[in-house]
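Residue 177 is where the sequence shown ends in the working numbering, and the numbering goes up by one at each step.
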Amino acid sequence: MLVIAHRGVWHNEADNAFALENSLEAFRIAFENGFGCEVDLRLSKDSKLMVSHDATTGRLFGKNLEIANTRSDQLKQTSLSQRGLCTFDEVCLAFAQELKTNALIELAVHLKDNATADEEKCGKAAGEVCKLLEEYCL
40 MLVIAHRGVW
50 HNEADNAFAL
60 ENSLEAFRIA
70 FENGFGCEVD
80 LRLSKDSKLM
90 VSHDATTGRL
100 FGKNLEIANT
110 RSDQLKQTSL
120 SQRGLCTFDE
130 VCLAFAQELK
140 TNALIELAVH
150 LKDNATADEE
160 KCGKAAGEVC
170 KLLEEYCL
C-alpha cells in the first residue's frame, strides 16, 4: 500500500515532533517513514514555484504576504529558513537526494489557483514543474 503524506508529515505522534506543513522538514519526516508526499505549488511575483497550501503567509508565519504579489526572496526571508516556506526546486533536490537511498518515492503535485489563473500562467507553471522534475531525474 502506498501512503501519501498530505503536505508532508507535520505531526509525528511517535516522538511528538512537529514540523510546518509543506516544509522541507515535513517532507524529510515523510521520507524517513517511507511515505510519498503531496505538495501544493503557487507562483510568486517573480514566477518561482513556492510550496504553500495558502495564498498568503499569514497563517503559518504571522506576516500576511500574498504569495502571488511577493518576490520569492522576500517570501524566503519571511519564513524560518529550512523550517519554513521553500521553493519547488528545493523540494526536488531533497527528493533527488532521498532517491539515492530509497528506490521509489511518490510525489503528487498540486498547482494552486494563482498558478492556474489563466492559460499562460498555467502553461508556465506546468512547464517549470516538468523542467525541475527532469533536471533532478524524478
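No residue lacks a Cβ here, since even glycine has one placed at the ideal position from N, Cα and C.
I need the boundaries of the beta strand (DSSP E) containing residue i, first residue and last residue.
i, result
"Val48", "It is not in any beta strand (DSSP E) - Val48 carries neither H nor E in the DSSP assignment."
Let me know the secondary structure DSSP gives residue i once reduced to three states.
i, result
"Ala58", "coil"
For residue i, write down the residues that DSSP places opposite it in a beta bridge.
i, result
"Leu88", "Leu82"
How is the alpha helix (DSSP H) around residue i delimited, first residue to last?
i, result
"Phe70", "Leu63 to Glu71"
Quiz item: Taking only runs of the alpha helix (DSSP H) that begin and end inside the region 90-177, which ones reach a length of at least 4 residues, in chain order?
Solution: 97-100, 111-117, 127-138 and 158-174
Quiz item: On the three-pair Cβ rule with 8 Å, is the region 69-77 touching the region 85-100?
Solution: Touching, no, given that fewer than three Cβ pairs across the two stretches are closer than 8 Å.
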